[in-house]
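Just below is one structure, and these are the notes that go with it.
Residue numbers (the numbering used here): 1 to 118.
Pasting the structure below:
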């Protein structure tokens, strides 16, 4: 039995120009912390997935850490980018759901290990 692919891995990413620009949250540097690059990657992943936990997992951080970063002093620009990216991600999910509702999606049907149809 094969594992289903995560739909967020098969979709094309949001174009870079659509991802909102923002000032990163000033934090004490840690190699495993919320570096500026990790913050930018998180916002991009949030725009792609529309899901905070998946975006956090994408950058190897916890969702709780993302919410904590969002509440820190000096995070106003990050918060605005978060909201804009989340709106982009949710709209993408709505578009995908609509497309599947109209066009359908073929799923293979296996019986005793043999393909019987779609």
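Heads up, the beta-carbon is just placed ideally off N, CA and C, and yes, glycines get one too.
Here the structure is a predicted model, which means the values were calculated and not measured.
Would you call the CB atoms of residue 179 and residue 80 closer than 7 Å?
Coverage of the chain is limited to positions 1 through 118, which leaves residue 179 absent and any answer about it impossible.
Spatial neighbours of residue 58 within its chain, please: C-beta separation below 6 Å, excluding the five flanking residues on both sides.
For the purposes of this step, residue 58 is taken as residue 58 along the chain shown, with counting starting at 1. Here the set comprises 45.
Tell me the DSSP bridge mates of residue 59?
Here the question's residue 59 lines up with position 59 in the chain shown. For residue 59, which the question treats as bridged, DSSP gives no partner whatsoever.
With H, G and I counted as helix, E and B as strand and the rest as coil, what does DSSP make of residue 115?
As a first step, residue 115 must be located in the chain shown, where it is residue number 115. Correct three-state label for residue 115: strand.
Among residues of its own chain, excluding the 5 on either side of residue 106, which ones have a beta-carbon nearer than 7 Å to its beta-carbon?
The residue given as residue 106 occupies position 106 in the chain shown. Same-chain partners within the cutoff: 118.
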